[in-house]
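At position 58 of the sequence shown the residue is numbered 58 (full-length UniProt numbering), and the sequence of numbers has no breaks.
All remarks here apply to the structure that follows.
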Amino acid sequence: EVCAMKFNALVTTYEFVMNDRSKLSKVEWKYIIIDEAQRMKNRNSRLARDLDRYRCQRRLLLTGTPLQ
Numbered sequence: 001e002v003c004a005m006k007f008n009a010l011v012t013t014y015e016f017v018m019n020d021r022s023k024l025s026k027v028e029w030k031y032i033i034i035d036e037a038q039r040m041k042n043r044n045s046r047l048a049r050d051l052d053r054y055r056c057q058r059r060l061l062l063t064g065t066p067l068q
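Pasting the structure below:
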């Protein structure tokens, strides 16, 4: 169970966040590192809205795709 463990950081992908958001959003994170961040280009995207529910001190977005 994710909530019973102590984590300092989460390195994840879009799919993992979407599949386990109910459990992951209960953890108080120090950092969340999100790969494939181009999926958050739109602030109203489902991923962006779901991540707003996460409690964390810092977020780092990673992408190999140029953003315009």
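Cβ coordinates follow ideal geometry from the N, Cα and C atoms, glycine included.
Bear in mind the structure is a predicted one, so any value in this text is a computation, not a measurement.
Legend entry - Collapsed DSSP secondary structure at Glu36 in the structure displayed: Counted from its first residue, the sequence shown places residue 36 at position 36. In this structure, Glu36 counts as coil in the three-state DSSP scheme.
Legend entry - Inter-residue Cα distance where the pair is Thr13 and Cys56: Within the sequence shown, the letter at position 13 stands for residue 13. Within the sequence shown, the letter at position 56 stands for residue 56. Thr13 and Cys56 have their C-alpha atoms roughly 16 Å apart.
Legend entry - Glu28 versus Ala37, Asp50, Ala9, residue with shortest Cα-Cα distance: Residue mapping note: residue 28 aligns to position 28 of the sequence shown, counting from 1. Of the candidates Ala37, Asp50, Ala9, the one whose C-alpha sits nearest the C-alpha of Glu28 is Ala9.
Inset, instruction - Check Val27 in the structure and name its three-state DSSP category. - result: Taking the first residue of the sequence shown as 1, we reach residue 27 at position 27. DSSP places Val27 in coil when its eight states are reduced to three.
Legend entry - Local Cβ density within 10 Å of Met18, reported as buried at 16 or more and exposed below that: Taking the first residue of the sequence shown as position 1, residue 18 is located at position 18. Flag for Met18 reads exposed.
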